[in-house]
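First to last, the protein sequences are chains R and B. Start counting the first sequence at 56; every next residue gets the next number (the numbering used here). Start counting the second sequence at 9; every next residue gets the next number (the numbering used here).
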Amino acid sequence: MNLLEAVRLVAARELKVKLRDKTFLFSTLFFLFFAAASTVLPALFAGGASSVAVAPGSVYEARLHDAGLEVKVAAEPEKLVRDGDADAAVVDKGGQPEVLAMKSAPGDVVRALSTAPEVRLLDPSAVDELASYLVPFMFALVFFFTSLTFGLQIAQSVTEEKQTRMVEILVAAVPVRALLVGKVVAGGILALAQVALIALVSVTGAQFTDDADNLLPLLAPAMTWFIPFFVLGFVMLASLWAAVGALVNRLEDINNAGMPVQLAVMAPFFLVIFLQDNPTAMRVMSYVPLSAPTAMPVRLFDGDAAGWEPFVALAVLALTTVGALLAGARIYEGSLLRTNGRTSWGAAWRDRELRSI
Amino acid sequence: MSDALQLEGVDRRFGDRQVLTDITFAVGAGRMTGFVGANGAGKTTTMRIILGVLAADAGTVTWQGAPLTKEDRRRVGYMPEERGLYPKQSVREQLIYLGRLHGLGAETARRNAADLIERLGLGERADDPLQQLSLGNQQRAQIAAALVHEPVLLVLDEPFSGLDPLAVDVVVGVLRERTAAGVPVLFSSHQLDVVERLCDDLVIIAGGRIRATGTRAELRASYAEPRYELRVDGDAGWLRDHAGVTLLDLDGDRAVFDLATGADDQAVLREALARGPVRSFGPVVPSLAEIFREVTR
């Protein structure tokens, strides 16, 4: 049996076990529900345009109608508002319109009656404020959460094999690297599938909102770039998580041993969110492998990155991932069969036990 | 006896602690070889070295005359000391998985798993997660895991611990099928009575050194004193005055004694018969426990 076949078998088992794991299924469902709710609900709650009452023959009727408002004509517009049959009423007050409403001023009615000054933007941004704040947050969140949760699960599955001594049977049967790669592959497939599902639900949900037509074409290239960055970044972190799992003997110790890797995930997450308005910081971060999976798609979305930049960043990330995979494999091999307490990173690095046989 | 597996001068140290020194022994084809030693004597370390899970500092492990390769090791059935399967997966699935990892095709793996489940009496629980099985059944599953890929050599670390006598018989039956087919079995145990009943050959280890090896009969013969037990109807106290007898234990009608070299055991029997009925008379074979104590002293 060759390495590829062994990797396939290991990955298939990991997938099978995970897909039957209730915790995993529930968390996926929760994420999907959350994604659907956050895109669909605001549109539903917005509740459409206000209804507005005017007196018969009002000069404002046409303007309100043109603004897409529901116009009701009544002899006593104010009464309709008081009775709750209309959100607002517009009456004439000495040649000027006056808006009557119960508690708060209806923005769409006021806008329909105002004349806005002409605005000329000297450096127009392609994206509106809110979107340009939310999109980096979204990329960072997705990468942060998936790499952390799936990374931890990889570490747990490694430790479980070590704790049960299953690993002694496994390493006698297949190359150690097949175990490592199989776990990373299975974790990657699940992570990507989960993210894709969430993206699909969000995009579908966004169809219900008016902004979808503006946002999606802008988001598409950033999303397309996000995928290779996400995959490479995930593999880079996952191999480190596998190493963490091999260092400890008990599941309880993973959090402790995983602290350095956890920091490596958390720091870029917060840095990208806090420094997203600082172009220099973002440019640097879009090349640093740990933050590149988030920072580069954000820069692409904002239109700040030149066409060649993602390729260079991706190449840097790919090289780092290969390095992380080799280092992770070395730590993994150096500590997998050490069963007396926690192994230090250094001791695992120097150990040549498994490599010598 | 052809030596299928041979260890020659194997040394191993952990840090500055020498745990194995010059380990040399053989496991013959079709033989059940008991590997006996106190806790910490080096049994598990030796087995891990055979499996390639640990490396030896010096010495060689050969299989049919050639160094044991990675490819050979994939055809070894190994059972680690502590229960080592996935707690949350069913026995059947794990067996199939392990069969496939060892290179079996999907169909063969499925069939072997089903056979072993049947043979080891796990039928009803085969599709439950391992952690829901009793410890004895988990142990049977563990043995099935070592056998599923049709191994050509079995290395079992404490395969009988936690098994009730009936389960021991079932497992022994399964292992005997393998030895009958020529598969060498090396199994460790500290339950000396079980080993005594099962093994063809013995390897005794103490303090990281091999203290004795040989067939069960050879070891017994070489450690047997000229010792006898006599059971009569009356009192056996007269033995004290019989020439060449050193009385070791006297309990009314039952006596255990050593005979001086050259003394005639039949003379003792004749005298006993002259004094009354003799219920039993015969040499005392040392138990494995006694040999073990003797060897490791």
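Ideal Cβ placement from N, Cα and C applies to all residues, glycine included.
Interface flag, residue i vs chain B, CB-CB below 8 Å
i, result
"Arg393 (chain R)", "no"
"Ile54 (chain R)", "Only positions 56 to 412 of chain R appear in the structure, and residue 54 (chain R) is not among them; the question remains open."
"Arg68 (chain R)", "yes"
"Arg397 (chain R)", "no"
"Gly260 (chain R)", "no"
"Val286 (chain R)", "no"
"Leu64 (chain R)", "yes"
"Ile224 (chain R)", "yes"
"Ala61 (chain R)", "yes"
"Val343 (chain R)", "no"
"Thr219 (chain R)", "yes"
"Ala297 (chain R)", "no"
"Val240 (chain R)", "no"
C-alpha gap between residue i and residue j, whole angstroms
i, j, result
"Glu223 (chain R)", "Val61 (chain B)", "6 Å"
"Trp404 (chain R)", "Thr376 (chain R)", "18 Å"
"Gly216 (chain B)", "Gln26 (chain B)", "8 Å"
"Arg118 (chain B)", "Arg63 (chain R)", "18 Å"
"His120 (chain R)", "Asp332 (chain R)", "41 Å"
"Ala297 (chain B)", "Leu74 (chain R)", "51 Å"
"Glu16 (chain B)", "Ile212 (chain B)", "15 Å"
"Val163 (chain B)", "Thr54 (chain B)", "10 Å"
"Arg137 (chain R)", "Met157 (chain R)", "7 Å"
"Leu28 (chain B)", "Gly36 (chain B)", "22 Å"
"Ala195 (chain R)", "Ala350 (chain R)", "8 Å"
"Asp201 (chain B)", "Asp208 (chain B)", "13 Å"
"Phe88 (chain R)", "Leu245 (chain R)", "18 Å"
"Trp71 (chain B)", "Leu369 (chain R)", "49 Å"
"Ala61 (chain R)", "Val293 (chain B)", "52 Å"
"Val343 (chain R)", "Ala277 (chain R)", "18 Å"
"Phe356 (chain R)", "Leu141 (chain B)", "54 Å"
"Pro234 (chain B)", "Gly290 (chain B)", "10 Å"
"Asp80 (chain B)", "Leu59 (chain B)", "10 Å"
Cβ pair residue i, residue j closer than 8 Å
i, j, result
"Leu206 (chain B)", "Val180 (chain B)", "yes"
"Glu90 (chain B)", "Arg68 (chain R)", "no"
"Val286 (chain B)", "Val253 (chain B)", "no"
"Phe324 (chain R)", "Phe199 (chain R)", "yes"
"Ala143 (chain R)", "Val114 (chain R)", "no"
"Leu225 (chain R)", "Glu215 (chain R)", "no"
"Val84 (chain B)", "Ala227 (chain R)", "yes"
"Ile218 (chain B)", "Ile31 (chain B)", "yes"
"Ile209 (chain R)", "Gly123 (chain R)", "no"
"Ala241 (chain R)", "Tyr387 (chain R)", "no"
"Gly389 (chain R)", "Ser294 (chain R)", "no"
"Ala153 (chain B)", "Leu106 (chain B)", "yes"
Collapsed DSSP secondary structure at residue i in the structure displayed
i, result
"Asp19 (chain B)", "strand"
"Arg219 (chain B)", "strand"
"Pro167 (chain B)", "coil"
"Arg397 (chain R)", "coil"
"Met9 (chain B)", "Unreliable positioning characterises Met9 (chain B) in this predicted model, as indicated by a pLDDT of 43, which lies under 50. A coordinate reading is not provided."
"Thr219 (chain R)", "coil"
"Leu3 (chain B)", "Absent from the model: residue 3 (chain B). The displayed extent of chain B is 9 to 305, so no value can be given."
"Pro291 (chain B)", "strand"
"Asp121 (chain R)", "helix"
"Gly131 (chain B)", "helix"
"Val126 (chain R)", "strand"
"Lys148 (chain R)", "strand"
"Leu207 (chain R)", "helix"
"Tyr188 (chain R)", "helix"
"Leu135 (chain R)", "helix"
Supposed close pair residue i, residue j - CB separation, criterion 8 Å
i, j, result
"Leu238 (chain B)", "Ala244 (chain B)", "6 Å"
"Asp163 (chain R)", "Ser105 (chain R)", "5 Å"
"Thr77 (chain B)", "Leu194 (chain B)", "Contact flag wrong, Cβ pair sits at about 18 Å."
"Val203 (chain B)", "Val303 (chain B)", "Not quite, the Cβ-Cβ distance comes to about 13 Å (not below 8 Å), so this is no contact."
"Met340 (chain R)", "Leu326 (chain R)", "6 Å"
"Asn304 (chain R)", "Arg397 (chain R)", "7 Å"
Chain C contact for residue i (CB, 8 Å cutoff)
i, result
"Lys96 (chain B)", "In the structure shown, chain C cannot be found, because the protein chains are R and B."
Min CB distance residue i to chain R below 8 Å
i, result
"Gly92 (chain B)", "yes"
"Val61 (chain B)", "yes"
"Val193 (chain B)", "no"
"Val27 (chain B)", "no"
"Ala153 (chain B)", "yes"
"Val18 (chain B)", "no"
"Arg21 (chain B)", "no"
"Leu106 (chain B)", "yes"
"Arg262 (chain B)", "no"
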